[in-house]
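**Q**
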Amino acid sequence: MVKSVTIADVAAEAGVSTKTVSNVINRTGRMSDETRERVEEVINRLGYRINKSAQALRSGATKLLGLAVPGFTNPFFGLFCDEVSSYARSKGYGVVISTYGNMDEGLDGLIDETYHVNADGWIFLTDRPLKKRGSVLRQSYPVVLTGDFPAFAQADSVSMPDADGAEYATTWLLDHGCKRVAFLGTPPDLFGKKGVADKAKLEEMLVKHEGNMSLRFRGYIRALREKGIDLDWDLVVPCDFMDRESGEGAMEALLDRGVKVDGVFCANDIIALGAMSVLKLRHISVPDEMQMIGFDNTRDSGHCTPSLTTIDPFAWQYAQMSVDCLLRRIAGDKEKPGLYTTGFRLVERGSTVKA
Numbered sequence: 001m002v003k004s005v006t007i008a009d010v011a012a013e014a015g016v017s018t019k020t021v022s023n024v025i026n027r028t029g030r031m032s033d034e035t036r037e038r039v040e041e042v043i044n045r046l047g048y049r050i051n052k053s054a055q056a057l058r059s060g061a062t063k064l065l066g067l068a069v070p071g072f073t074n075p076f077f078g079l080f081c082d083e084v085s086s087y088a089r090s091k092g093y094g095v096v097i098s099t100y101g102n103m104d105e106g107l108d109g110l111i112d113e114t115y116h117v118n119a120d121g122w123i124f125l126t127d128r129p130l131k132k133r134g135s136v137l138r139q140s141y142p143v144v145l146t147g148d149f150p151a152f153a154q155a156d157s158v159s160m161p162d163a164d165g166a167e168y169a170t171t172w173l174l175d176h177g178c179k180r181v182a183f184l185g186t187p188p189d190l191f192g193k194k195g196v197a198d199k200a201k202l203e204e205m206l207v208k209h210e211g212n213m214s215l216r217f218r219g220y221i222r223a224l225r226e227k228g229i230d231l232d233w234d235l236v237v238p239c240d241f242m243d244r245e246s247g248e249g250a251m252e253a254l255l256d257r258g259v260k261v262d263g264v265f266c267a268n269d270i271i272a273l274g275a276m277s278v279l280k281l282r283h284i285s286v287p288d289e290m291q292m293i294g295f296d297n298t299r300d301s302g303h304c305t306p307s308l309t310t311i312d313p314f315a316w317q318y319a320q321m322s323v324d325c326l327l328r329r330i331a332g333d334k335e336k337p338g339l340y341t342t343g344f345r346l347v348e349r350g351s352t353v354k355a
């Protein structure tokens, strides 16, 4: 059996103390660049590997973060996981990812499993309201909530500029030649069983601050009102899910109504991609006959034909804010929970006319 390389072996080979080697590994302490580089060279040459289990026992920290997401049907969730993992790694942490979308209890059903992972803290990405006024957030480990549902002042919350981004996109379409802009992707419960819009639910939705479908629809309405345009329910189509199939169905429903449409804002990119596939089948040119904007700036949005103009909510910033909040709590920050929101930009591509 090959003998494991120890810190003492590295120290002896590099001509430094074991404390100096430990400082190099943990990126702490003061030393010259020459010393740090010499120790790193010896670590690599001897093949020294950090004993994470022993390190965790000594410090009480695992240097692992947990990340819970609904699943990967929505491409944005995968993009977010990549950004969280990359940024956490730059901070010296690994990331364990769990999905809860297929659990009957949703995120609540995942909680018992989180204690088997023994992460230093967890980021919960939610796609639905929390039960019991956020009891899932009351854990013995630090928690950060990401998404568009309230954390009830029990944890730091990181969200995207859903309403502002949607308002900007809709306004952009109206300012660039569109007269009748449709919205694909409202919550299905906004419409009754007969497909008739429930105006009482609309008013309730406009007051609540939760759910990206609702918030993005709110931004669409704000843009119309700012332009003095009345909401036309014939231009509003719900989606049961935020997926490609729902986008296809929504566009088919819109076109089958026979109403005039020259612009479309979709609640996310994948809905927009489904909608554009229907337009292609029906020989409707994008952007010449109908302009379209999505939301999320997922990878696929730049690789379709035509490429999709979209709102970029800065997934990298979303991830960094979430990780930074969690690391502060792990370090012992006792400040009141905060609410943080990313910025955004419009990425102009082939599905809209050139500005």
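Under UniProt numbering, read the sequence shown as residues 1 to 355, first letter to last. C-beta atoms are modelled at their ideal positions from N, C-alpha and C, and glycine is treated no differently.
Tell me the DSSP bridge mates of Ile-271?
**A** None; Ile-271 has no bridge partner.
**Q** Among Leu-254, Thr-309 and Phe-295, which has the Cα closest to the Cα of Arg-282?
**A** Looking at the Cα atoms, Leu-254 is the closest of the given residues.
**Q** List the residues that DSSP assigns as beta-bridge partners of Cys-178.
**A** BP columns for Cys-178 are empty, so no partner.
**Q** Which residue's Cα is closest to the Cα of residue 356: Val-347, Asp-189, Asp-232 and Ser-285?
**A** Any property of residue 356 remains undetermined from this structure, which presents the chain solely from 1 to 355.
**Q** Does the stretch 255-271 come close enough to the stretch 199-208 that 3 or more CB-CB pairs lie under 8 Å?
**A** Judged by Cβ distances under 8 Å, the stretch 199-208 makes no contact with the stretch 255-271, as fewer than three pairs qualify.
**Q** Starting from Ile-7, follow the alpha helix (DSSP H) in both directions and report where the run begins and ends.
**A** Here the alpha helix (DSSP H) through Ile-7 covers 7-14.
**Q** What three-state label does DSSP hand Asp-312 in the structure shown?
**A** Of the three classes helix, strand and coil, the one that applies to Asp-312 here is strand, per DSSP.
**Q** Which word fits Tyr-115, buried or exposed, when buried means at least 16 other C-beta atoms lie within 10 angstroms of its C-beta?
**A** Per the 10 Å Cβ criterion, exposed.
**Q** Which runs of the alpha helix (DSSP H) spanning at least 4 residues fall entirely within the stretch 129-213, listed in chain order?
**A** For the stretch 129-213, whole alpha helix (DSSP H) runs of length 4 or above, ordered along the chain, are 162-175 and 199-207.
**Q** May I ask which residues mark the beginning and end of the beta strand (DSSP E) holding Val-84?
**A** Premise fails: Val-84 lies in the alpha helix (DSSP H), 75-90, not in any beta strand (DSSP E).
**Q** Quick one: grab the DSSP three-state call for Arg-30.
**A** The answer is coil: DSSP assigns Arg-30 none of H, G, I, E or B.
**Q** Just confirm the distance between the C-beta atoms of Ser-98 and Glu-113, as a whole number of angstroms; I'd bet it's less than 8 Å.
**A** Confirmed, Cβ separation roughly 6 Å.
**Q** For Gly-228, which three-state DSSP category applies?
**A** Gly-228 falls in the coil class under three-state DSSP.
**Q** With respect to the beta strand (DSSP E) encompassing Met-251, which residues constitute its N-terminal and C-terminal limits?
**A** Taken as a continuous stretch (DSSP letters only), Met-251 belongs to no beta strand (DSSP E), being part of the alpha helix (DSSP H) at 244-256.
**Q** Between residue 383 and Thr-310, is the Cβ-Cβ spacing less than 9 Å?
**A** Residue 383 is absent from the model: the chain starts at 1 and stops at 355.
**Q** In this structure, does DSSP put Ser-277 in helix, strand or coil?
**A** Reduced to three states, the DSSP call for Ser-277 is helix.
**Q** Measuring alpha carbon to alpha carbon, tell me which of Leu-46, Ser-17 and Tyr-168 ends up nearest Ile-293.
**A** Of the listed residues, the one whose Cα sits closest to Ile-293 is Tyr-168.
**Q** Please list, in chain order, all residues of the same chain as residue 375 whose beta carbon is under 8 Å from its beta carbon, the five residues on each side excluded.
**A** Given a span of 1 to 355 for the chain in the structure shown, any question on residue 375 remains unanswerable.
**Q** Measuring only the C-alpha atoms, how far is Leu-130 from Ala-151?
**A** Looking at the two C-alpha atoms, the distance is approximately 8 Å.
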